[in-house]
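What follows is a short report on a single structure.
Chains as they are written, first to last, in our numbering: chain U, -18 to 348; chain R, -18 to 348; chain P, 12 to 302; chain A, 12 to 302.
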């Protein structure tokens, strides 16, 4: 999932007819213009709770703006530093609302969410204070939904009309940009009408091939995760010391659970996927070895990925890497005899039974 | 239904990514540019069979083009004269194809029609030489349909790709412009690829409120039909002498049938529609009187339209217009007694039974 | 037991109830005996029309009244949204009276209704009347008489004419359904005929067709294959010129397709008696029923 | 009699059959006993894959072979079109193996399948195996054994692991269905459990869930209300960190929703035995069946 930054999202909002403040993106203090009115400086960081950490400041002129930027630069936002800033008009806010379009897995449809309790994390708002309208993608947003949303938010007249345009815009963003979330929080009711004061747009990874212009981002990922992602591998860093490679997401999660239940500390999730190329196995072991402290557990249930392929990869990887950690290999399924033979010939033990393999891994990790 | 002229359709084609020749619309001979290559002059008339009547001429320079325009101006195209002309490149045509999107009432979906037998009236092409693919409007045109169309038309490579774009463009025109027909005939296969040499786009009347930019046209309608249409009345001119007003399209058609079956000659179809305003009745009688020679037959089955309303309108109309033709009124349904009383008091007979009324009408017309 | 509208207490709402037509016909339906439980006009919630409560949205109306059917009088530009609102609120039967809804919208509405398991009748038709049960639409209350004839028609007033003739002849109707005069209609002639065939109370079926499209030809096919009950047909537009839209959006002969002759022939080949004038219809029914 | 795939001779085509995966698994399915009657790869019509004829379009394949089911190996950008092609050609069961189809496309495909009366299984899953009948998908042929257990799973290899365990225990399977690891799947866990409940041959149900979404919680509700057969569940991801996508697009804990704990609790409250490791599953089944 790619999360767009506030200013990127606001540009998209503008394109889709959603009212946003006139804003300027500031990269360096030099870019701050002269002004003499109430404005706001906002850190552009891909993480929530920015305001509480001091990332949003009211300023009245160039000098105050530059000072604010310098101060914000010092702040750590959950591991991120602000490199860009939005400078925009500070509105007189009558009310902060919330509105978004996102997928609801349970109804298997996009839903419109709206709440009069904007400006806070929507997860903290009680369900009865959130309007939730499923949208059929064959139909899109309808007028009656817009009317219902306006009534729910207590808007009428021009504001209700603007809300309708905003909802249509958000849904078009969701649909046309393959967004998993298109959110305005807060949607401010000001003396000048409704204005989107913040933006959150997340684009689904699987659909990025349709959106070559969307910047690929690795927010919230550590270095090895980024490295894996660039290689198209599915890797998640955990906190333990036992490296794990398994084929298939479910088997991987189950392997982590078994190790943890047996008292071991998994270091990662790592889905080898389906492959018939020993090189991919070598690559995987190389990557996993970066997080493996004591034991690397390779757990394969052969299907598309055959056990002999994995065995060949393991043998070559061990020769190349000559790792310090211990290795436990469990292979079952397609070509398991051949796989076991290959491993055996190269002095690598393999275990057929999963429970036994897990016991062995945890035992070795405890030594 | 509004039929667009060739040049209007081609402009839309261009906007929707369908390749059209570079063309120039000529209004007067003065506008013909200098040129020295094989070009074509085409009359812009809202009627078929233009080529056979001499409305399309190959020209090689300005002088020939002016001569061609002058000649074409003399031609009667089913009642129309050409006031505009297209001047465009004359392509070297390898093959003339046909492709269109239209509503298929039987499957209740838009259909893609494609044929390798282009350049002729599609109704004259045998069904087995026409590919017909229903399009689900929730999905739109799909790649597999485009592949099937290309294969059916014997196109591959770049031409197949272009065909795909053309089909997508036609469907978008159908969908976004509420077209009832978006047709290219012929779609020419030239040494430069596929080119739409003609265009036919018809926009549905009922959807014109969504397309204020579409010019309202009255092609193929006579003066009184145009007058009626401008007033929002549903009127069709027939060739007889018995004027007809009835409420409802079906009752109207049935009335015409009954008159004709009894040996009378209906002069028109005229649906009074549902109304509770005697003025509309007066207006209707005024219009109908323009085509009525001998007898005007008013046939009302009251429901939304009440018989007393109609009676009041008739009485006033007769007073105002003092017509020479005879009048037969048949009223049934809502408030029929009151209606009969009003007519009666004003010396107008009314008949309850439809068959009897028809006999009376034909009898009077024969006098 | 009639078709489509079979429950005397079916709770019905009227969308666009505060309009001229909506209010008039809401009262007429009530007078017929229809259980009109509410109306919907956005912005007019809380008011009432002749004692019928008005709601801002279909959802509110459904929540408050348990409505399961709706009659739509909303003007064409807003009608599609009103229909979707009704379907999304769980309304299972939506009768659209509105004329001039673009067929592009109807194509999609019909698919949407299918997807959601709802039924549309209309648009541009007079609705449904199940005699002695309820009326959802605009047919005149006075023309009906309880009896054994099921009537399906593409027309409005011509239907009244024919129903009146049937009633006056001493016969009467189970259900009369006006499917509407548009190119795309929610419920087709074919479906209505199938429903009448299955309905125990209906002993004879009257099909009122007109020029344009191929619904009559397809209905004739179905009658030939599936229908055991006597069928009498009437086709309007025998003398209509080709290429002209005869009032109804669907009533047009295109090229040589959609002619009255083609339809009459198809019916005759299917063993259907085709009446040459409305007054002949009850005569033919009686003959077929041996009355 | 198993679920979803119940006919030994069900004629099946493979879309994307000339690809690496498509050709391999077409042959594997054939080896399992599946009646693979053809394959589709646009532009490769007229060739064959291991004796299986290849067609340019699904329509051609259906016309020539009478295929009623399809297994889709087409790459993600083209897979939605392939699925629509299959549905439009009258295919009633479409098993999508392809991974990484955007959920926006799946939302629409699922509705389209509903509209057209077709069923999708997957995407991003191993397909369906009805033991002794046919396999539509990529599960290894060797792990099955005919028996009384119905298995539904969001996973691929974990399913193989569990099925293998069940088979080795002396039990065996009726049908194993991998519903896929995505957020939107054609056939849900809830539906599969309902089908197993109705299937005479299935005596016990195994549900293999994982973190993310609320399918397990909703399945537990259904089990509580509607299921009489013993159910054993396994949930993967007990130690998965929140906010991280664990391989499957659908395997993500968002906020405090979609945790393994929530799912386990829901199952336990529904009387489902939750196994803490795969090897425990057959033990629990045998206990429940009194074996």
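Positions of the beta carbon are idealized from the N, C-alpha and C atoms, including for glycine.
{"Item": "Alpha-carbon to alpha-carbon, residue 43 of chain P and residue 35 of chain P", "Value": "13 Å"}
{"Item": "Length of the line joining the Cα atoms of residue 201 of chain U and residue 112 of chain U", "Value": "30 Å"}
{"Item": "Interface flag, residue 116 of chain A vs chain R, CB-CB below 8 Å", "Value": "no"}
{"Item": "Boundaries (first-last residue) of the beta strand (DSSP E) holding residue 174 of chain R", "Value": "174 to 177"}
{"Item": "Identity of the residues DSSP links to residue 278 of chain U by a beta bridge", "Value": "U:225, U:309"}
{"Item": "Range of the contiguous beta strand (DSSP E) that encloses residue 66 of chain R", "Value": "66 to 70"}
{"Item": "Cutoff 8 Å: residue 149 of chain P Cβ touching any chain R Cβ", "Value": "yes"}
{"Item": "Chain-ordered residues of the segment 199 to 219 of chain U with a beta carbon less than 8 Å from chain A", "Value": "201, 215, 217, 219"}
{"Item": "Selected residue, minimal CA-CA separation from residue 112 of chain P, among P:122, P:128, P:131, P:88", "Value": "P:88"}
{"Item": "The segment 214 to 232 of chain A contacting the segment 241 to 258 of chain A, beta-carbon criterion three pairs below 8 Å", "Value": "yes"}
{"Item": "Test: residue 242 of chain U CB closer than 8 Å to a CB of chain A", "Value": "yes"}
{"Item": "Member of A:192, A:105, A:24 whose CA lies at the smallest distance from the CA of residue 68 of chain A", "Value": "A:24"}
{"Item": "is_contact[residue 53 of chain P, chain U] using C-beta, thresh 8 Å", "Value": "yes"}
{"Item": "Burial state of residue 129 of chain A (16 or more Cβ within 10 Å)", "Value": "buried"}
{"Item": "Proximal residues, the segment 121 to 148 of chain U versus chain P, C-beta separation under 8 Å", "Value": "123, 124, 125, 128, 129, 132"}
{"Item": "Chain-order list of residues whose beta-carbon lies under 7 Å from that of residue 297 of chain R (same chain, five-residue window excluded)", "Value": "259, 263"}
{"Item": "Beta-carbon spacing of residue 139 of chain P, residue 16 of chain P below 8 Å", "Value": "yes"}
{"Item": "CB contact flag (residue 21 of chain R, residue 71 of chain R, <8 Å)", "Value": "yes"}
{"Item": "Spatial neighbours of residue 346 of chain R in its chain, beta-carbon cut-off 6 Å, leaving aside the 5 residues before and after", "Value": "223, 245, 275, 276"}
{"Item": "N- and C-terminal bounds of the alpha helix (DSSP H) containing residue 251 of chain U", "Value": "Per DSSP, residue 251 of chain U belongs to no alpha helix (DSSP H); it is in the beta strand (DSSP E), 249 to 252."}
{"Item": "Cβ neighbours of residue 231 of chain R in the same chain (closer than 8 Å, five flanking residues each side left out)", "Value": "none"}
{"Item": "Three or more C-beta pairs below 8 Å linking the segment 36 to 54 of chain R and the segment -16 to 1 of chain R", "Value": "no"}
{"Item": "Where the alpha helix (DSSP H) containing residue 168 of chain P begins and where it ends", "Value": "168 to 179"}
{"Item": "Inter-residue Cα distance where the pair is residue 90 of chain A and residue 141 of chain R", "Value": "20 Å"}
{"Item": "Residue 290 of chain P versus residue 170 of chain P: straight-line alpha-carbon distance, rounded", "Value": "12 Å"}
{"Item": "Rounded separation between residue 204 of chain U and residue 218 of chain U - CA only", "Value": "9 Å"}
{"Item": "Which residues DSSP lists as bridging residue 26 of chain R, in chain order", "Value": "Paired residue(s): none; residue 26 of chain R is not in a bridge."}
{"Item": "Reduced DSSP category for residue 17 of chain U - H, G, I as helix; E, B as strand; rest coil", "Value": "strand"}
{"Item": "Residue 23 of chain U versus residue 102 of chain U - alpha carbon distance", "Value": "18 Å"}
{"Item": "Straight-line gap, residue 291 of chain U to residue 239 of chain A (C-alpha atoms, nearest Å)", "Value": "43 Å"}
{"Item": "Contact set for residue 29 of chain U: own chain, Cβ-Cβ below 6 Å, skip 5 residues either direction", "Value": "none"}
{"Item": "Nearest-angstrom Cβ-Cβ length linking residue 189 of chain A and residue 148 of chain A, presumed shorter than 8 Å", "Value": "7 Å"}
{"Item": "The segment 80 to 96 of chain R touching the segment 42 to 53 of chain R, judged by at least three CB pairs closer than 8 Å", "Value": "no"}
{"Item": "Beta-carbon separation (whole angstroms), residue 66 of chain R vs residue 154 of chain R, contact threshold 8 Å", "Value": "That belief does not hold up - the Cβ atoms of residue 66 of chain R and residue 154 of chain R are roughly 24 Å apart, past 8 Å."}
{"Item": "Three or more C-beta pairs below 8 Å linking the segment 103 to 111 of chain A and the segment 50 to 57 of chain A", "Value": "no"}
{"Item": "Three-state secondary structure (DSSP) of residue 55 of chain R", "Value": "coil"}
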